[in-house]
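End of the sequence shown = 1148 in our numbering, gap-free, step of one. To keep things clear, I will list the structure first and then write my remarks on it.
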Amino acid sequence: MMVRKHTNKDIQKIADKIARELKPEKIILFGSYAWGKPTKDSDIDLFIIKKSNKRKIDRARDVQRILFNEDIPAVDILVYTPLETKKRLALEDFFIEDIIHKGNIIYER
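Structure, rendered in structure tokens:
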């Protein structure tokens, strides 16, 4: 199977579908597609902030179900609640700080 780089239009289509179905507060693109150095092997990294009482793994599965029938071979999804995000930032979690401060917001309610 030939893997191709995704276009900004592809990424926005994914974000729009997630936004329509899950109504998150925010979707942030991070990783190689946000930093501008994707390769043909790069996945699309999305950090989604959504109010939820579900476990983190179940939140990610909800997003994967939405994208299941799409022609999207590699999407890495992190779904945090606003409170989880705030707590990680308060703990100075460098990974979350990079996503929040350097990532590209591709959807915001």
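Backbone N, C-alpha and C define an ideal beta-carbon position, used for all residues, glycine too. Please read these numbers as outputs of a predicted model, since none were measured by experiment.
Rounded to whole angstroms, the gap between the alpha carbons of Gln1103 and Asp1097 is 10 Å. The straight-line gap separating the alpha-carbon atoms of Tyr1072 and Ile1083 is approximately 7 Å.
DSSP places Asp1115 in the strand class (E or B) of the three-state scheme. Out of Lys1090, Ile1105 and Ile1050, the CA that lies nearest to the CA of Arg1148 is found in Lys1090.
Burial check for Phe1069: the Cβ neighbour count within 10 Å reaches 16 or more, so the residue is buried. Taken through DSSP and simplified to helix, strand or coil, Phe1107 comes out as coil.
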